[in-house]
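Respectively, the protein sequence lines represent chains A and B.
Under this note's numbering, the letters of the first sequence match residues 38 to 261, in that order.
Under this note's numbering, the letters of the second sequence match residues 38 to 261, in that order.
There are 2 protein chains.
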Amino acid sequence: MASSVPGSAPTRAPNPSPLLGRVSVASAPPTLAERKRRLVSEELRETALQLLAVRGYDETTVDDIVAAAGMSRRTFHRYYASKEDVVIQLLADLGDQMRDELTARPPAEPPAESLRHAVTVAIDFCAGHHDAAKTLAVVRLILRTPVLHARSLERQSRWQADLAAILAARLGLEAEAFYPEMATRLAFAALNTALERWAVSEGQVDPLELTEQAFAMLEPALRR
Amino acid sequence: MASSVPGSAPTRAPNPSPLLGRVSVASAPPTLAERKRRLVSEELRETALQLLAVRGYDETTVDDIVAAAGMSRRTFHRYYASKEDVVIQLLADLGDQMRDELTARPPAEPPAESLRHAVTVAIDFCAGHHDAAKTLAVVRLILRTPVLHARSLERQSRWQADLAAILAARLGLEAEAFYPEMATRLAFAALNTALERWAVSEGQVDPLELTEQAFAMLEPALRR
DNA sequence: GACTCTGTTGACACACTGTGCCACGGAGGG
DNA sequence: CCCTCCGTGGCACAGTGTGTCAACAGAGTC
């Protein structure tokens with residue numbers, strides 16, 4: 038065990054409260070403890086993002102963050118494995134959402150179309166969000182900070198592998214088939230091109246339009 | 038200045054020996070000091086790779102490495118910025134080589150062909166090297182170690198941007214044009230697919246063949 | 001209310017990393 | 001011979017991430 042972790046320290050809670058076995062129940066009423074944890078987590082995250090944006094990533098220490106949030110460094114690390122994690126965890130759900138979207142697409146649909154929809158989930162997550170300005174700031178921070186960029190690319194690499202496996206299954210191919218692997222990689226190439234342009238343009242260009250443009254280019258390669 | 042760095046600490050020496058101004062001369066006779074530095078650097082690197090391979094990446098500390106190499110931690114950090122760097126620096130020249138290859142391709146050549154040649158440089162670097170077994174071990178180490186994988190992807194991202202700029206210039210487009218960006222990303226998708234399959238197959242599959250297969254798929258998308 | 005059980009927190013200690021600084025020592029030039 | 005240049009190791013220090021422990025708050029039980 039990784040010492041006494043408050044419910045859901047990293048990525049995702051396998052089971053926040055072992056006694057109350059409400060795991061997969063959709064609308065489980067959140068416990069007080071659970072709401073408290075979420076509150077602390079959010080407080081930490083907001084304080085961190087604030088500081089990182091103002092003072093820069095490298096110039097901000099974990100001690101700065103916890104001091105501003107009025108907590109101890111030990112508590113910080115119970116919620117986030119590292120300073121990078123505060124930022125990267127914001128994208129945590131994205132992989133799941135893309136996976137779900139691809140799974141949900143009709144099996145008869147051409148792969149190019151399904152992948153375009155999966156990628157669009159990510160675009161929507163970033164640009165179509167409640168307040169896109171904040172997401173834009175985060176994406177820009179990631180792209181401009183080498184450590185964060187590296188970690189986000191690595192995470193993408195896992196998503197890509199997941200999507201490839203799903204696509205392979207859909208097409209009735211073995212998991213290591215060539216086409217699903219390449220196809221998903223091309224989809225991420227499109228996604229990254231769109232996202233990066235959206236970010237450097239400060240949100241001026243329409244990422245959805247860029248995505249469609251990219252997939253138009255990919256279409257002949259994705260045809261089977 | 039980053040304290041007294043022995044000649045060429047990170048990535049590449051801008052000028053190993055400031056007094057002898059022989060920089061761009063191709064076959065400059067290496068100084069004694071320079072050979073000594075190279076020797077220390079190699080000793081450190083070999084010791085590190087040995088330990089990393091045997092004991093695993095996370096289980097090996099920098100102190101372990103320098104103890105085995107009979108040097109101080111301070112000296113280690115004069116040659117390598119971090120433990121990751123020992124591994125990642127092995128690929129340092131690769132970006133330059135790909136850039137050079139792309140630049141050297143005939144301007145009239147179709148972009149797909151030029152990119153395929155650039156990517157092949159990387160494949161040759163890995164698989165066609167003096168002893169491919171060692172390179173294979175390194176590549177496998179990188180792919181299996183999240184931190185290293187992340188850093189190598191980030192590095193690739195820079196190479197991709199470089200290649201895109203070169204391709205744009207070759208095609209007479211502005212640097213931020215859509216086609217060169219997408220085209221280079223697709224090329225790297227092909228490269229990574231081939232490299233990864235080569236690595237997981239323990240060097241059994243032919244990465245060149247895979248590369249050609251990948252570019253065959255990309256060809257219609259890369260056509261202009 | 002008292003008691004227990006569970007889970008969160010802060011404090012402390014510790015291992016590891018990366019860097020600035022300084023003093024030592026060898027190599028080479030005056 | 002002296003003096004400068006440069007690589008090196010030792011030391012100190014800031015920062016990170018983790019194990020451990022005591023304190024404490026909530027919830028449920030009697």
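The beta carbon of each residue, even a glycine, is placed where N, CA and C say it ideally should be.
All figures in this text were calculated on a predicted structure; none of them were measured in a lab.
- Distance from the CA of Ala-206/B to the CA of Ala-212/B, rounded to the nearest whole angstrom, comes to 7 Å.
- Distance from the Cα of Met-219/B is smallest, within the candidate group Ser-238/A, Cys-163/A, Ala-253/A, for Ala-253/A.
- Neighbourhood of Glu-218/B in chain A, by CB distance below 7 Å: Thr-230, in chain order.
- Two segments are said to touch when three or more pairs of C-beta atoms, one from each, lie closer than 8 Å; by this definition the segment 156-164 of chain B does not touch the segment 67-80 of chain B.
- Legend: CB atoms of the segment 177-205 of chain B lying less than 7 Å from CB atoms of chain A belong to residues Pro-183, His-186, Ala-187, Arg-188, Leu-190, Glu-191, Ser-194.
- For the segment 231-261 of chain A, the set of positions with a beta-carbon nearer than 9 Å to some beta-carbon of chain B reads Glu-233, Arg-234, Val-237, Leu-247, Gln-250, Ala-251, Met-254, Leu-255, Glu-256, Pro-257, Ala-258, Leu-259, Arg-260 in chain order.
- Taking a contact as a CB-CB distance under 8 Å, the pair Val-99/A and Phe-113/A counts as one, their CB atoms being some 6 Å apart.
- With respect to the 8 Å criterion, Thr-182/A and Gln-197/A are not classified as neighbours on the basis of their beta carbons.
- DSSP places Asp-101/A in the uninterrupted alpha helix (DSSP H) bounded by 99-106.
- Annotation: the segment 159-218 of chain B contains no complete segment of the beta strand (DSSP E) (minimum length 3 residues).
- Taking Ala-236/A as reference, the option from Ile-160/A, Ala-202/A, Leu-88/A with the minimal CA-CA separation is Ile-160/A.
- Against chain B, the CB of Ala-226/A has a partner CB under 8 Å away; the residue lies at that interface.
- The segment 112-142 of chain B is shown to contain whole alpha helix (DSSP H) runs of 4 or more residues at 120-125, 129-141, in chain order.
- Along the segment 133-162 of chain B, there is no position whose C-beta sits under 8 Å from a C-beta of chain A.
- Secondary structure of Ala-149/B (DSSP, three-state): helix.
- Per the C-alpha coordinates, the member of Gly-93/A, Leu-88/A, Leu-81/A, Gln-87/A positioned closest to Gly-107/A is Leu-81/A.
- Chain-ordered listing is empty here: chain B has no CB closer than 8 Å to the CB of Leu-128/A, the nearest sitting near 14 Å.
- Gly-165/B and Lys-171/B have their C-alpha atoms spaced approximately 11 Å apart.
- By the Cβ test, the segment 185-203 of chain B is in contact with the segment 186-194 of chain A, since at least three Cβ pairs between them sit closer than 8 Å.
- For Leu-245/B, the closest of Glu-256/B, Glu-239/B, Leu-232/B, Leu-255/B by C-alpha to C-alpha distance is Leu-232/B.
- Among the residues of chain B, those whose CB is under 7 Å from the CB of Leu-223/A are Leu-223, Ala-226, following chain order.
- By the criterion of a C-beta distance shorter than 7 Å, Met-135/B is surrounded in its chain by Ala-155, Val-158, Ala-159, Trp-196, Leu-200, once the five residues flanking it on both sides are discounted.
- Glu-96/A sits in coil when the DSSP states are folded into three classes, being neither helix nor strand.
- Leu-76/B sits exposed, since fewer than 16 C-beta atoms from the chains shown fall within 10 Å of its C-beta.
- In the DSSP assignment, Pro-244/B falls within the alpha helix (DSSP H) that extends over 244-259.
- Not a single C-beta of chain B is nearer than 8 Å to the C-beta of Phe-113/A.
- Its Cα nearest to that of Glu-79/A, the residue Val-103/A stands out among Val-103/A, Gly-93/A, Phe-215/A.
- Assigned with DSSP and collapsed to three states, Thr-68/B falls in coil, not helix or strand.
- In the same chain as Gly-240/B, and ignoring 5 residues on each side of it, the C-beta atoms closer than 8 Å to its own belong to Ala-164, Ala-169, Ala-170, Leu-173, in chain order.
- If you draw a 10 Å sphere on the C-beta of Asp-137/A, you find fewer than 16 other C-beta atoms in it, and that means exposed.
- Selection Gln-87/B, Ala-251/B, Leu-223/B evaluated against Phe-215/A yields Ala-251/B as nearest (Cα-Cα).
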